[in-house]
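Trainee: After the structure tokens below, expect a handful of questions from me.
2 protein chains.
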Amino acid sequence: MKHLVIIGGGFAGLWATRALAGEALRITLIDRHNHHLFQPLLYQVATAGLSAPDIAAPLRHILRRQENVEVRLGEVRDIAPDAKTVTLDDGDVLRFDWLLLAAGATHAYFGHDDWAPHAPGLKTLDDALDLRRKLLLAFERAEAETDPAARAAWLNFAIVGGGPTGVELAGTLAEIARHTLKNEFRHIDPSEARVRLIEAGPRVLSSFPEDLSEKARRQLRKLGVEVVTGTPVGEINAAGYRLGDEFVAARTVVWAAGVAASPLARSLGVPLDRAGRVLVQPDLSVPGHPDIFVGGDLALVQSDGKPVPGVAPAAKQMGRYVAQAIRTRLAKTDPPSAFRYRDFGNLATIGRMAAIVHLGKLKLSGVLAWWFWLAAHVFFLIGFRNRLVVLLNWAWAYWSYQRGARIILGDSDDGQARSTRQA
Amino acid sequence: MKHLVIIGGGFAGLWATRALAGEALRITLIDRHNHHLFQPLLYQVATAGLSAPDIAAPLRHILRRQENVEVRLGEVRDIAPDAKTVTLDDGDVLRFDWLLLAAGATHAYFGHDDWAPHAPGLKTLDDALDLRRKLLLAFERAEAETDPAARAAWLNFAIVGGGPTGVELAGTLAEIARHTLKNEFRHIDPSEARVRLIEAGPRVLSSFPEDLSEKARRQLRKLGVEVVTGTPVGEINAAGYRLGDEFVAARTVVWAAGVAASPLARSLGVPLDRAGRVLVQPDLSVPGHPDIFVGGDLALVQSDGKPVPGVAPAAKQMGRYVAQAIRTRLAKTDPPSAFRYRDFGNLATIGRMAAIVHLGKLKLSGVLAWWFWLAAHVFFLIGFRNRLVVLLNWAWAYWSYQRGARIILGDSDDGQARSTRQA
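Protein sequence lines correspond, in order, to chains R and V.
Counting from 1 along the first sequence, just add 676 to a position and that's the residue number in our numbering.
Counting from 1 along the second sequence, just add 676 to a position and that's the residue number in our numbering.
Structure, rendered in structure tokens:
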């Protein structure tokens, strides 16, 4: 029986797997985490609105009834495209007939990797929990700080990158400062926190039409976010960041400005773009290796003359497409025509009760857009339980401005990664 | 204005704080975590039934409306009883008129601290998340293991200590192996996992009457737990544990056998018992220091000729008692009479739909006891939101046998504490 190995249980890998249910082949789905993560809501975990398990579901559980698939928790060390093998970090070697590499993206710092420790990004649940810690601790440190300049630095937040993630983080952080934490401190007024969103390009949410972009900017300002566009960040260190000529003392800088493809792509030995993505054929296969496919954020493919964006719906469609291609090979029928991305539109939330939605000719903003955004995100979550939990959490947050997951885990010391605790 | 410093935001410290609302004094509540933790349900987080924020609430949020209290996130380095100062780890020194030391307990290994890395305990949210990781990873490792002996070792679980925590963990783990994970693995049958509960004394749940103890033991056996009594564990290392003459290969050993008082008690310079608890006066004050009180698990006090147990209701009562004592001092009226513990009974759950309850003359077991236990635990949670969330989680688990928080965080490598991740 033919063996398909899928690396990555994200949107592309998981959708490919499920689309092959009942087919006569053996599938091994490898992921270094045990769960599928609904990344669009990561910022909610990072801002203590949802807890980690609310937006993730164990892969084994999702796929328990699909008999042709086996889930393997592990990290891939190497791929040998000619030998058609995948080597895991525990030494196991898997032979494949077909491979789908869907390992996703990680953070990219445009050649400034030294900024990474001072400006964490948001791609995994661990990122989100670390960020949550950092955000909550900043207010705690400010409360205990007697020196006014040091206190101001703790209350200075900067988010680098004006795409949906950055906008969502900025808006939510401003809400936390102005509403959620009101009255909870004795030495600081949390609403004095300064939240700044920095975008190197001319406008935030540049993947949206200009008028929606502008509406978002106004909404952010209403929430109390300072939006700075047209200026890239020059330097980031433990004390703050440089913007143009000015160095700003800010203890909390968040990176939402760039992603790079998983380093696994390099083991394929084929041309990559500057972000490390694999330039795939129109059928999503790797040049010279028709049995190896790449899907999701890792793939760079053109559709209707434009590059397919690294968003969840695109990854799902690529996953389903690869499944279709494999089905035709099993059945020895004609392969599908070139991959075409069907753009179902773009959504971004700005804060409580405000979002922007772009669907073809339809443009929405404000409260109506927000209800649309909420419905879409809940609908696309996996699992009835998670949908229910997230809905309830949001109903709660809507009524009370409270956030349900404001827990700092790990030692509450400055800037340390979660410690290795002694007994 | 008089200054009361309270160290520890657990049951004793928090109840003392709240009982002094509106009084004319200044209170500083110090805790090294930002949240109050409902410890009785920690085992639920450890077994992936609830997520961490479900059973914890931020102290700042709980106390936001109480104007005479200030919450301070920090760790106490030292207490100087004669100078009446408390020094925090960031160097700050707080002067107090009254002090309530309520820092609680941590794990104790009866002189075998070298067992600690191999047999983690369960006292904080971090403990619970680490344990959850360990439990879930054990099944993952077994799935990937080809050597039968090594696989069996991964499917061998031991819980040391037959008190309520150990019993709850053992029962829940057996349920997970037999029901929750059914059909999710391809190379192992999770129900082949062996769950052993080891108690050095003659029976489990020795704080309950013998007949309820026996009912619990039978219920555990029905769930698939091997109960071993009358034998202490002789050694624990990375490969397993020794019981009598036999060394058992078991990769997952959990410590639920002993607690010791927080080391802070030593800075008081007064007599401590073998577990490090402070022998307090009948009014809960420290001998020779009438302005320093100790409450909760840290205090050893007699009531009706018996030592007061280290349980949540006792801690709450002690907290309220200290608040009362301080109120009389503020008002310059007679102090309250000696502390009396009102035993509202004992509850322990064994698994789905089974518990034992002992309330004075009332003894319940089985399903009825379980409903009682559920109602009591939900009722005593802090916060409407947490009550609702926990109720819903349990309703879900009851119907589906599923557990809502089966997420492994951190790098999925063997036995490492959560790694310091690089960018």
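Beta carbons: idealized from backbone N, C-alpha and C, even for Gly.
On the DSSP bridge list, what partners appear for N1062 (chain V)?
Mentor: Answer is none; N1062 (chain V) lacks a bridge partner.
Trainee: Per the contact definition of three or more C-beta pairs closer than 8 angstroms, is the stretch 940-948 of chain V in contact with the stretch 747-762 of chain V?
Mentor: Contact between the stretch 747-762 of chain V and the stretch 940-948 of chain V is present, because at least three Cβ pairs lie under 8 angstroms.
Trainee: Under 8 angstroms, with one C-beta from each stretch per pair, do the stretch 835-844 of chain V and the stretch 919-934 of chain V reach the 3-pair mark?
Mentor: In short, these stretches touch, since the Cβ pair count reaches three.
Trainee: Taking Cβ positions only, does N710 (chain V) come closer than 8 angstroms to chain R?
Mentor: At least one chain R Cβ lies under 8 angstroms of N710 (chain V).
Trainee: Just the chain R side, please: which residues come within less than 8 angstroms of G1080 (chain V) by C-beta, in chain order?
Mentor: Result: P729, R1061 and V1065.
Trainee: Mind listing, in chain order, the continuous beta strand (DSSP E) runs of no fewer than 3 residues lying wholly within the stretch 919-977 of chain V?
Mentor: Segments of the beta strand (DSSP E) lying fully in the stretch 919-977 of chain V: 922-925, 928-931, 935-937 and 965-970.
Trainee: Can you tell me whether DSSP reads L713 (chain V) as helix, strand or coil?
Mentor: Reduced to three states, the DSSP call for L713 (chain V) is strand.
Trainee: Just to make sure I have the definition right: I need the residues of chain V whose C-beta is within less than 8 angstroms of the C-beta of L770 (chain R). Which are they?
Mentor: Those within 8 angstroms of L770 (chain R) in chain V number zero; the least Cβ separation is about 11 angstroms.
Trainee: Is it buried or exposed, P878 (chain V), if we count other Cβ atoms within 10 angstroms and call 16 or more buried?
Mentor: Result: exposed.
Trainee: Using the beta-carbon of each residue, which ones in chain R are nearer than 7 angstroms to W1072 (chain V)?
Mentor: What W1072 (chain V) touches in chain R: R1061.
Trainee: For a contact meaning CB atoms closer than 8 angstroms, what does Q859 (chain R) contact in chain V?
Mentor: Note that residue 859 (chain R) is Asn in the sequence shown, not Gln. By Cβ distance, chain V contributes R740 and R741.
Trainee: Does the beta carbon of E746 (chain R) sit closer than 8 angstroms to a beta carbon anywhere in chain A?
Mentor: No chain A is present in this structure, whose protein chains are R and V.
Trainee: Measure the alpha-carbon distance for I1002 (chain R) versus V769 (chain R) and round it to whole angstroms.
Mentor: Roughly 22 angstroms separates the two Cα atoms.
Trainee: Within its chain, find whatever has a CB closer than 6 angstroms to the CB of R708 (chain R); leave out the 5 residues flanking it on each side and keep chain order.
Mentor: Closer than 6 angstroms at the Cβ level, and outside the excluded window around R708 (chain R), lie E751.
Trainee: Please list the residues of the stretch 809-825 of chain V that have a C-beta atom closer than 7 angstroms to any C-beta atom in chain R, keeping them in chain order.
Mentor: Listed by position, the residues of the stretch 809-825 of chain V near chain R (Cβ gap below 7 angstroms) are L812, E816 and A820.
Trainee: With C-beta atoms as the reference, is M994 (chain V) less than 8 angstroms away from A1024 (chain V)?
Mentor: Not in contact: M994 (chain V) and A1024 (chain V) (Cβ atoms no closer than 8 angstroms).
Trainee: Assign R1094 (chain R) to one of three DSSP states: helix, strand, or coil.
Mentor: With a pLDDT of only 32 at R1094 (chain R), under the threshold of 50, the placement of this residue in the model should not be trusted; the figure read from the coordinates follows. Residue state, collapsed to three classes: coil.
Trainee: Report the rounded CA-to-CA distance for D789 (chain R) versus L831 (chain V), giving the unit in angstroms.
Mentor: Those two C-alpha atoms are separated by around 42 angstroms.
Trainee: Between R:G1027, R:R753 and R:N913, which lies nearest to K891 (chain R) when the distance is taken from Cα to Cα?
Mentor: Taking only the C-alpha atoms, the option nearest K891 (chain R) is R:G1027.
Trainee: Taking C-beta pairs closer than 8 angstroms, name the residues in chain R that G995 (chain V) reaches, listed in chain order.
Mentor: Within 8 angstroms Cβ-Cβ: nothing; G995 (chain V) doesn't reach chain R, min ~21 angstroms.
Trainee: What three-state label does DSSP hand V635 (chain R) in the structure shown?
Mentor: This structure cannot settle anything about residue 635 (chain R), because the visible part of chain R is limited to 677 through 1099.
Trainee: Please report whether the beta-carbon of G1091 (chain R) lies at a distance below 8 angstroms from any beta-carbon of chain V.
Mentor: Its pLDDT being 39, under 50, G1091 (chain R) is placed unreliably by the model, and the measurement read from it follows with that caveat. Answer no: the Cβ-Cβ gap between G1091 (chain R) and chain V never drops below 8 angstroms.
Trainee: I want to see whether chain V comes within less than 8 angstroms of I1083 (chain R), judged by CB atoms only; does it?
Mentor: True, the Cβ-Cβ gap to chain V drops below 8 angstroms.
Trainee: Assuming L805 (chain V) is part of the alpha helix (DSSP H), what are its boundary residues?
Mentor: Run containing L805 (chain V): L801 to A820, per the alpha helix (DSSP H) assignment.
Trainee: Can you tell me the Cα-Cα spacing of A1014 (chain R) and I683 (chain R), whole angstroms?
Mentor: So the two alpha carbons sit approximately 22 angstroms from each other.
Trainee: Whose Cβ in chain R lies nearer than 9 angstroms to the Cβ of D754 (chain V)?
Mentor: In chain order: nothing, as chain R lies at least about 17 angstroms away.
Trainee: Inspect the CB distances between the stretch 729-743 of chain R and the stretch 1057-1071 of chain R and report whether three or more fall short of 8 angstroms.
Mentor: Yes, since at least three Cβ pairs between the stretch 729-743 of chain R and the stretch 1057-1071 of chain R fall closer than 8 angstroms, the two stretches touch.
Trainee: Nearest to R1005 (chain R) by CA position, among R:N1022, R:I968 and R:M1029, is which residue?
Mentor: Per the Cα distances, R:I968.
Trainee: Give me the DSSP bridge partner(s) of D707 (chain V).
Mentor: For D707 (chain V), which the question treats as bridged, DSSP gives the partners V:L749.
Trainee: Whose CA, out of R:H1034, R:L811, R:R771 and R:L726, lies closest to the CA of K678 (chain R)?
Mentor: Of the listed residues, the one whose Cα sits closest to K678 (chain R) is R:R771.
Trainee: List the residues of chain V that R893 (chain R) touches, going by C-beta distances under 9 angstroms, in chain order.
Mentor: Ordered by position in chain V, no residue passes the 9 angstroms Cβ test against R893 (chain R), which lies about 29 angstroms from the chain.
Trainee: Given a threshold of 16 other Cβ atoms within 10 Å of its Cβ, counted over all protein chains shown, does G1091 (chain V) qualify as buried or as exposed?
Mentor: The pLDDT assigned to G1091 (chain V) is 39, lower than 50, so where the model puts this residue is not dependable, and the model offers no usable value.
Trainee: Between the C-alpha atoms of W1047 (chain R) and V880 (chain V), what's the straight-line distance to the nearest angstrom?
Mentor: Cα-Cα distance, rounded: 53 angstroms.
Trainee: Need the endpoints of the alpha helix (DSSP H) that E886 (chain V) sits in, please.
Mentor: E886 to L899 is the extent of the alpha helix (DSSP H) around E886 (chain V).
Trainee: Can you find a CB in chain R that lies within less than 8 angstroms of the CB of H1034 (chain V)?
Mentor: By this cut-off, H1034 (chain V) is not an interface position.
Trainee: Which residues in the same chain have their Cβ closer than 7 angstroms to the Cβ of Y917 (chain R), if we skip the five residues on either side of it in sequence?
Mentor: Counting only Cβ-Cβ distances below 7 angstroms, and skipping sequence neighbours, we find A834, V909, E911, V924, A926 and V929.
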